[in-house]
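*Asks:* So the protein sequences, as listed, match chains U and V.
In this text, residue positions in the first sequence follow the working numbering: the first is 2, and each later residue adds one.
In this text, residue positions in the second sequence follow the working numbering: the first is 648, and each later residue adds one.
Ideal Cβ placement from N, Cα and C applies to all residues, glycine included.
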Amino acid sequence: MLVHSAGGLFVLWAVATLTFFAVRLIPGDPAQAVLGGPGSQASPEALAAVRAEYGFDQPLLVQYLRELGRLATGDLGRSYALNMDVAPLLLAQLGGTLLLALLALAVAWLLALALATWSTLGGKTAWAVGSGIEITAAALPHFWLATALIILFSTWLGVLPPISTPGPVGLVLPVLTLAVPLAGFLGQIMRESFQAALESPFVLSARARGEGELGIRFVHVLRHAALPAVNLSGWAFGSLISGAVVVETIFARPGLGRTLLNAVTLRDVPVVIGVVLIVALAYILMTLVTDLAGALLDPRGRTA
Amino acid sequence: MRQRASTLLIALAAVSALGLTGCSPASVTPSASSTPVSGGTLTYASGDAEPSCLDPHVGGNYPQALIATQYLESLVSRNDKGAIIPWLATSWKESADGLTWDFTLRDGVTFTDGTPFDAAAVQANIAHVQDPATGSSTGYLALQKITSTEAVSPQVVRLHLSAPDSALLESLSQVWVAMESPTALKRTQDENCASPVGTGPFMVTKWVKQDSVTLVRNDDYTQGPADSAHTGPAYLDSIVWKFIPDSASRYAALQSGQVDVIDNAQPDTIVQAEKSDQIAHLDAPRPGASNRIELNSGKAPFNDPLVREAFIRSANIDAAVKSLFFDTTKRSTSALSSAEALAVSRPDLFGYDPDQANQLLDAAGWTKRDADGFRVKDGKRLTVVFPVSTNQSIPAEQSLFEQLQATAKQTGFDVQLTPMDLSSWYGALAANDYNAVSAPYTKVGPDVLRILYHSDGITPAPSGYFANLAQVDDPKLDALLTQAAKTSDPDARADLYTKAQNRLLEGFYLLPLYDQQNHYLYRTTVKGLRALPTVSTPTFYDAWLAA
Chain U
2 MLVHSAGGLF
12 VLWAVATLTF
22 FAVRLIPGDP
32 AQAVLGGPGS
42 QASPEALAAV
52 RAEYGFDQPL
62 LVQYLRELGR
72 LATGDLGRSY
82 ALNMDVAPLL
92 LAQLGGTLLL
102 ALLALAVAWL
112 LALALATWST
122 LGGKTAWAVG
132 SGIEITAAAL
142 PHFWLATALI
152 ILFSTWLGVL
162 PPISTPGPVG
172 LVLPVLTLAV
182 PLAGFLGQIM
192 RESFQAALES
202 PFVLSARARG
212 EGELGIRFVH
222 VLRHAALPAV
232 NLSGWAFGSL
242 ISGAVVVETI
252 FARPGLGRTL
262 LNAVTLRDVP
272 VVIGVVLIVA
282 LAYILMTLVT
292 DLAGALLDPR
302 GRTA
Chain V
648 MRQRASTLLI
658 ALAAVSALGL
668 TGCSPASVTP
678 SASSTPVSGG
688 TLTYASGDAE
698 PSCLDPHVGG
708 NYPQALIATQ
718 YLESLVSRND
728 KGAIIPWLAT
738 SWKESADGLT
748 WDFTLRDGVT
758 FTDGTPFDAA
768 AVQANIAHVQ
778 DPATGSSTGY
788 LALQKITSTE
798 AVSPQVVRLH
808 LSAPDSALLE
818 SLSQVWVAME
828 SPTALKRTQD
838 ENCASPVGTG
848 PFMVTKWVKQ
858 DSVTLVRNDD
868 YTQGPADSAH
878 TGPAYLDSIV
888 WKFIPDSASR
898 YAALQSGQVD
908 VIDNAQPDTI
918 VQAEKSDQIA
928 HLDAPRPGAS
938 NRIELNSGKA
948 PFNDPLVREA
958 FIRSANIDAA
968 VKSLFFDTTK
978 RSTSALSSAE
988 ALAVSRPDLF
998 GYDPDQANQL
1008 LDAAGWTKRD
1018 ADGFRVKDGK
1028 RLTVVFPVST
1038 NQSIPAEQSL
1048 FEQLQATAKQ
1058 TGFDVQLTPM
1068 DLSSWYGALA
1078 ANDYNAVSAP
1088 YTKVGPDVLR
1098 ILYHSDGITP
1108 APSGYFANLA
1118 QVDDPKLDAL
1128 LTQAAKTSDP
1138 DARADLYTKA
1148 QNRLLEGFYL
1158 LPLYDQQNHY
1168 LYRTTVKGLR
1178 ALPTVSTPTF
1188 YDAWLAA
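#1: With respect to the alpha helix (DSSP H) encompassing V/F890, which residues constitute its N-terminal and C-terminal limits?
#2: Following the continuous alpha helix (DSSP H) through V/H928, name the residue where it begins and the one where it ends.
#3: Figure out for me which residue from U/A140, U/G97 and U/P300 has the closest Cα to the Cα of U/L187.
#4: Check each candidate in V/L722, V/S961 and V/S795 and name the one with the smallest Cα separation from V/Q1003.
#5: Please say whether U/G78 and U/P202 have beta carbons closer to each other than 8 Å?
#6: Can you give me the Cβ contacts of V/V675 inside the same chain, cut-off strictly under 8 Å, excluding the 5 residues immediately before and after it?
#7: With a CB to CB cut of under 8 Å and the five nearest residues on each side skipped, what residues in its chain are close to V/K1056?
#8: Mapping the DSSP letters down to three states, classify V/M826 as helix, strand or coil.
#9: How long is the line joining the alpha carbons of V/L1127 and V/H1101, rounded to whole angstroms?
#10: Using a Cβ-Cβ cut-off of 8 Å (strictly less than) and excluding sequence neighbours within five positions of U/D269, which residues of its own chain qualify?
#11: Does DSSP put V/W734 in a helix, in a strand, or in coil?
#12: Just the C-alpha distance for U/L241 and V/T781, rounded to the nearest angstrom, thanks.
#13: CB-CB under 7 Å to U/I285, same chain, minus the five flanking residues each way: which ones, in chain order?
#14: Please classify V/I793 as buried or exposed, where buried requires at least 16 other C-beta atoms within 10 Å of its C-beta.
#15: At what residues does the beta strand (DSSP E) containing V/P1200 begin and finish?
#16: Using 8 Å as the threshold, is the region 860–876 of chain V in touch with the region 124–134 of chain U, meaning 3 or more CB pairs across them?
#17: Measuring straight from C-alpha to C-alpha, what distance separates V/F750 and V/I731?
#18: Find the nearest neighbour of V/P1180 within the set V/V776, V/A771, V/G694 and V/Q821, judged by alpha-carbon distance.
#19: Between the Cα of V/T759 and those of V/R725, V/H775, V/S738 and V/E720, spot the shortest distance and give me the residue it belongs to.
#20: If we ignore side chains and look at the alpha-carbon of each, how far apart do V/T852 and V/W888 end up?
#21: Based on the DSSP output, what are the partners of V/H1166 in its beta bridges?
#22: Touch check for the region 49–58 of chain U and the region 242–257 of chain U: three-plus C-beta pairs under 8 Å?
#23: Using 8 Å for Cβ pairs, my map puts U/P169 next to U/I151. What's the rounded Cβ distance?
#24: Reducing DSSP to helix, strand and coil, say where V/P1066 ends up.
#25: Determine the chain U residues that contact V/Q905 at a beta-carbon separation under 7 Å, and present them in chain order.
#26: Do the region 105–112 of chain U and the region 176–195 of chain U meet, that is, are 3 or more Cβ pairs less than 8 Å apart?
#27: Could you please give me the residues that DSSP links to V/V860 through a beta bridge?
#28: Is V/S885 close to chain U? Criterion is C-beta to C-beta, closer than 8 Å.
#29: Give me the Cβ distance between U/T98 and U/G256, rounded to the nearest whole Å; I'm assuming they're in contact under 8 Å.
#30: Taking DSSP as the reference, what is the three-state secondary structure of V/D965?
#31: By DSSP, does U/E135 sit in helix, in strand, or in coil?
#32: Using a Cβ-Cβ cut-off of 6 Å (strictly less than) and excluding sequence neighbours within five positions of V/L971, which residues of its own chain qualify?
#33: What's the C-alpha gap between U/L92 and V/D858?
#34: Between V/A937 and chain U, is any beta-carbon pair separated by less than 8 Å?
#35: Below 8 Å between beta carbons: does that hold for V/Y691 and V/V844?
#36: So, V/S693 versus V/P934, is the Cβ gap smaller than 8 Å?
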């Protein structure tokens, strides 16, 4: 547990450091962000004054140490562009993105499970079709899928809103955009392990006892087959948050992803670091959860 | 022949349709279907960045101007003929020496927090814009010549200037120096940024960051600028002002009816929209300068007027505007926006003529060509370094620069386009590391010419920035522009600006492209929408929703 925590802290430090230098080394002026962003006609004098006030004229290393010192005390700092503290700003955006990511993860699991079950039931053709669907789905870029879904469901059929509304209806397209490619990934892994488990001796004995094919899958096989997919879910959650950048922008949903994109464009370093730290923390927590879930599903690892 | 006649008919129909849509805001014909009805919520989707502060005194950019037009008002406005008209001030008088101006304010106006609008309020606003702590950039420049203010009576405010300023009224019409409640201005800047208080037809009631701002009707509102279509409160109950950064989703939301108006419409969506009978197009070019390429006359090769003219003659801008903007905009041959009544257009100077370009380059001594086909002189290639700000040039414009690069290559110019983000771009300009550059400049009135082309604008500020990017250094032009800035008599002023523009354009210092693009698309259920002829932001005061 101690090792885990130390590892987690190291990851957070490394993430903050990398982010700081990555954002500050792209050419661009954070002083512009303070004065209303690239569209403003900020006078050069005003820019110079802001640079002095925020210490942007200091050596980068000094700025880094100052940033790190503040983060160490748990203070995420103040956004250059939005005139507010980073912590409440991100807290307000966190809920929407978490909801989106968790729903997408759940839907992806359901889709993958349904596909894996069906394609291992239906012989060679089903196997090939399932595999084809999964590979295609996994390869779909979020921005393309989002646009295609908008054209299909909003412009042509007119059944779903193209930009997010507060209610559950507004969540359908964003969740699908994130869930479908992920379902492709999960499905591929699930189907392989499904097939492996279906060939094990305990399935043979279950069949010999006269249990039905569907029953065998849900009672005996799923437990084995789900394990690699559960392990992958920690990673998947991280990737969903990055997908949120695209999805929240296209569907105009408030959330961490959109906040991150705006902040990077404006070189708003405290916000970028804040979002990245939250994502890193979520990733660490998710890995911990999937480790625990893995242990529950596979008793062999418990004593180790 | 039959074929041609029918083509002509179609063209005529198209032209008259264009004329009709173009005139609709001005010619409101009262009929049963066009009687305004009150009520309803209009949803506006902006593609601009969400402002970090809703008070346009702070900073001062276009996204702020767009939304602040709905809840703040200025002392004066401008009509579509370019004349200054009353708004919060009913009349004004300039002293004989041009150094003091008296503004008489409209009686009985109150801010939406109950604070009366009077001379003291105007004084507080000018002080707020001029206070360095406010961090105003655009508004600060507009009020630069005001040295002090004085309340002659509660209804009359006097401004003292450091020099006569014929652009003062145009400067005051801009929303970046609009009037806010002095009581509200006393709050912290954070509070005032979140809920600025004005006298406008709507007021800010809620701001959910990264999502929307809610504006609700001001029921005590009595009248807008003098060219408004009605008096009394606005028709709409409220406006939801959303931010949808993605251009395709913005248009999809408009098509589905989820939003009623969008801004930043790109050429491809405008063409799509024109095929739809549910969506209409409002083209509102921004005032001030046209979009143009400045040729840096301060260094080789553009210090030679022959080379400047050759470059201009070698660029096929007309073809590029047609193919990349799909006729959604017109080619400009003026240094000023078509929104400026005093703009001088010179199509004779900016036509595509590669033969003449070649002759000019030969005459200038660039006679040899190297292995790549570029012209050389004294062992140096004819190179044009062209930094492009990706923040300030829309994708279609960046493509246009690439076409220009291709056509200029045929006459032997090596145009080196370098896409940059805004601060690297400012850096390249400050280092004088450019031969050509395109920089938009929005300001009400022709005084923008003095900012952009007076030789004073070559001297860099301490930070290295300067506005005269063509580095025009012409004492005769300076004299004309200085004189024009001091001359209030309309005819004399117009004459001076005409002379100045002809002199500037005939010097081939700049290559005009088109107006600064500013297109809105809206559902045809939205009636009475127009853009204010000041900085071309839409106003929803006269707007209503048809059932």
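*Replies:* The short version:
#1: Position 243 of the second sequence, counted from the start, is the residue given in the question as residue 890 of chain V. That residue, V/F890, is in no alpha helix (DSSP H); its beta strand (DSSP E) goes S885 to F890.
#2: Against the second sequence, residue 928 of chain V aligns to sequence position 281. Here V/H928 belongs to no alpha helix (DSSP H); instead the beta strand (DSSP E) covers I926 to D930.
#3: Residue mapping note: residue 187 of chain U aligns to position 186 of the first sequence, counting from 1. Comparing Cα positions, the closest option is U/A140.
#4: Locating residue 1003 of chain V in the second sequence gives position 356, counting from the first residue. Comparing Cα positions, the closest option is V/S961.
#5: Residue 202 of chain U sits at position 201 when you count from the first residue of the first sequence. Residue 78 of chain U sits at position 77 when you count from the first residue of the first sequence. Cβ distance not < 8 Å, so U/P202 and U/G78 don't count as in contact.
#6: Here residue 675 of chain V corresponds to residue number 28 of the second sequence, with the count starting at 1. Low local confidence applies: a pLDDT of 42 at V/V675 is under 50, so the model's placement there is unreliable, with the coordinate-based value given in what follows. Once the five neighbours on either side are set aside, the close Cβ partners of V/V675 are S681, A876 and G1175.
#7: If you number the second sequence from 1, residue 1056 of chain V lands on position 409. Here the set comprises G1020, F1021 and V1062.
#8: Position 179 of the second sequence, counted from the first residue, corresponds to residue 826 of chain V. Note: V/M826 maps to strand in three-state DSSP.
#9: The residue you call residue 1127 of chain V lines up with position 480 of the second sequence. The residue you call residue 1101 of chain V lines up with position 454 of the second sequence. Cα-Cα distance, rounded: 9 Å.
#10: Stepping through the first sequence from its first residue, residue 269 of chain U is reached at position 268. So the qualifying residues of the chain are P31, A34, S80, Y81, A82, L83 and N263.
#11: Sequence index remark: in the second sequence, residue 734 of chain V carries index 87 (1-based). Three-state DSSP puts V/W734 in coil, outside helix and strand.
#12: As a first step, residue 241 of chain U is located in the first sequence; it is residue number 240 there, counting from the start. As a first step, residue 781 of chain V is located in the second sequence; it is residue number 134 there, counting from the start. Answer to the nearest angstrom: the Cα atoms are 41 Å apart.
#13: Mapped onto the first sequence, residue 285 of chain U falls at position 284. Excluding positions up to five away in sequence, the list reads G9 and V12.
#14: Counted from its first residue, the second sequence places residue 793 of chain V at position 146. Buried, by the Cβ-count rule.
#15: Residue 1200 of chain V falls outside the range modelled here, since chain V spans only 648 to 1194, and no answer is possible.
#16: no
#17: Numbered from its first residue, the second sequence carries residue 750 of chain V at position 103. Numbered from its first residue, the second sequence carries residue 731 of chain V at position 84. Roughly 13 Å separates the two Cα atoms.
#18: By one-based count along the second sequence, residue 1180 of chain V stands at place 533. Out of V/V776, V/A771, V/G694 and V/Q821, V/Q821 has the C-alpha closest to the C-alpha of V/P1180.
#19: Against the second sequence, residue 759 of chain V aligns to sequence position 112. Checked all of V/R725, V/H775, V/S738 and V/E720; the closest Cα to V/T759 is V/E720.
#20: Stepping through the second sequence from its first residue, residue 852 of chain V is reached at position 205. Stepping through the second sequence from its first residue, residue 888 of chain V is reached at position 241. C-alpha separation (whole angstroms): 12 Å.
#21: Taking the first residue of the second sequence as 1, we reach residue 1166 of chain V at position 519. V/D930, per the DSSP bridge assignment.
#22: no
#23: Counted from its first residue, the first sequence places residue 169 of chain U at position 168. Counted from its first residue, the first sequence places residue 151 of chain U at position 150. Contact flag wrong, Cβ pair sits at about 18 Å.
#24: The count along the second sequence starts at 1 and reaches residue 1066 of chain V at position 419. Strand.
#25: Locating residue 905 of chain V in the second sequence gives position 258, counting from the first residue. Under the 7 Å cutoff, chain U gives P162, P163 and I164.
#26: yes
#27: The sequence position of residue 860 of chain V within the second sequence is 213, counting from 1. Its beta-bridge partners are V/W854 and V/W888.
#28: For this step, residue 885 of chain V is matched to residue 238 along the second sequence. No - not a single Cβ of chain U is within 8 Å of the one on V/S885.
#29: Your numbering for residue 98 of chain U matches position 97 in the first sequence. Your numbering for residue 256 of chain U matches position 255 in the first sequence. With a Cβ gap of about 4 Å, U/T98 and U/G256 count as contacting.
#30: Numbered from its first residue, the second sequence carries residue 965 of chain V at position 318. Correct three-state label for V/D965: helix.
#31: Translated into positions along the first sequence, residue 135 of chain U becomes position 134. In the structure shown, U/E135 sits in a helix (DSSP, three-state: H, G or I).
#32: Walking along the second sequence from the start, residue 971 of chain V turns up at place 324. Once the five neighbours on either side are set aside, the close Cβ partners of V/L971 are A1043, S1046 and L1047.
#33: Mapped onto the first sequence, residue 92 of chain U falls at position 91. Mapped onto the second sequence, residue 858 of chain V falls at position 211. Cα-Cα distance, rounded: 15 Å.
#34: As a position in the second sequence, residue 937 of chain V is number 290, starting the count at 1. According to the sequence shown, residue 937 of chain V is Ser rather than Ala. V/S937 does not count as touching chain U.
#35: Reading the second sequence from its first residue, position 44 is the one you call residue 691 of chain V. Reading the second sequence from its first residue, position 197 is the one you call residue 844 of chain V. Not a contact, by the Cβ cut-off of 8 Å.
#36: Here residue 693 of chain V is taken as the residue at index 46 of the second sequence, counted from 1. Here residue 934 of chain V is taken as the residue at index 287 of the second sequence, counted from 1. Result no, Cβ atoms of V/S693 and V/P934 do not sit closer than 8 Å.
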